[in-house]
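These notes are about the structure you will find just below.
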Amino acid sequence: MYVWSTSECISRHPENPVLSASHVPYPATQIFNAGVIKYEGKYVMVFRNDVGAKPGDARVERTNIGVAYSDDGINWQPEPKPWIELVTDEIQRAYDPRISVIDGRCYLCFAVDTRHGIRGGIAVTDDFDKWEILSLSVPDNRNMVLFPEKLDGKFMRLERPFSIYGRGGPENFDLWFSDSPDCRYWGNSQLVLGSEQVPWCNAKIGPGAPPVKTGKGWLT
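FYI, the numbering for the sequence shown is 7 to 226, going by my numbering.
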């Protein structure tokens, strides 16, 4: 049995939820796993929308990624249609967006379910209308987030590959780092934190929101 508690430095806003499926002007059943940035004077939210599933039901008809805007971070106005609905003969859906602003451009990390495994995707946009996919990882990998600044001219990301073979034990997944000169070709991959290093980890760990720079280093 788990006992959950919240740090005193974090408080839940009384108007939560600030965005729900009933606020979205197109088919929507569950709205969650959003990424939020402040960009050109407004807050921008990119969110996952599962259509056709009821809460607690794993069956989903389709998934898309929507966009909403806010002046204060509390009152949100969704766009009239989904932003990204990525479906091809190979790709089944894109979901779980995370967003970072780097050198004035907006970079989106997202997970991609395909016929041949789960891949991590990165796209870039300047207007939240048009977007370009820069990279799709090999399977199985997801939970990617980009650091909001470069180091020595390189993009940096955290990720959680699914290394299920050769572990000789439970399917525990770990937190990794990679970098890239152009956000297309990634390498220099290094283990950041193993699941066995976290005493309360029960199966897997991975990055949440994009890292935040503090006086003590990067917070994730």
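The beta carbon of each residue, even a glycine, is placed where N, CA and C say it ideally should be.
Does the stretch 94-107 come close enough to the stretch 29-37 that 3 or more CB-CB pairs lie under 8 Å? no
Who are the near neighbours of tyrosine 45 in its chain, counting only those whose CB is closer than 7 Å to its CB and skipping five residues on each side? Excluding sequence neighbours, tyrosine 45 sits near Val107, Cys112.
Going by alpha carbons, who is nearest to valine 218 out of Leu181, Ala27, Phe153? Of the candidates Leu181, Ala27, Phe153, the one whose C-alpha sits nearest the C-alpha of valine 218 is Phe153.
May I ask you to report which of helix, strand or coil DSSP gives serine 17? coil
Pairwise C-alpha distance: asparagine 81 and arginine 54: 18 Å
Alpha carbon to alpha carbon, how far is threonine 262 from valine 198? Residue 262 cannot be examined here, being either before or after the span of the chain that is shown, 7 to 226.
Does glutamate 202 come out as helix, strand or coil in the three-state DSSP assignment? Looking at glutamate 202 - three-state DSSP - the assignment turns out to be helix.
Starting from valine 57 and walking both ways along the beta strand (DSSP E), at which residues does that stretch end? 48-57
How close, in whole Å, do the beta carbons of tryptophan 226 and leucine 142 come, if the pair is a contact with beta carbons under 8 Å? The identity of residue 226 in the sequence shown is threonine, whereas the question assumes tryptophan. With a Cβ gap of about 23 Å, threonine 226 and leucine 142 do not count as contacting.
Cβ separation of valine 118 and isoleucine 90, assumed to be a contact under 8 Å, to the nearest whole Å: Cβ-Cβ separation between valine 118 and isoleucine 90: approximately 11 Å, too far for a contact (criterion under 8 Å).
Leaving aside the five residues before and after alanine 40 along the sequence, list all residues of the same chain whose C-beta is less than 8 Å from its C-beta, in chain order. Leu25, Met51, Val52, Phe53, Arg54, Pro103
Pull the bridge partners of threonine 131 from the DSSP assignment, please. Cys112
Assuming glycine 123 contacts isoleucine 139 under a Cβ cut-off of 8 Å, what Cβ separation, rounded to an integer in Å, is found between them? Contact check for glycine 123 and isoleucine 139: beta-carbon distance about 17 Å, past the 8 Å limit, so the pair fails to qualify.
Should phenylalanine 179 and phenylalanine 168 be called a contact, given that it needs their Cβ atoms to be closer than 7 Å? yes
When you compare the CB positions of methionine 150 and cysteine 115, do they come within less than 7 Å of one another, or not? yes
Helix, strand or coil at asparagine 209 [DSSP, three-state]: Here the sequence assigns alanine to residue 209, which means asparagine is not the residue at that position. It is coil, neither helix nor strand.
I'd like to check one pair, valine 66 with glycine 58: are the Cβ atoms closer than 7 Å? yes
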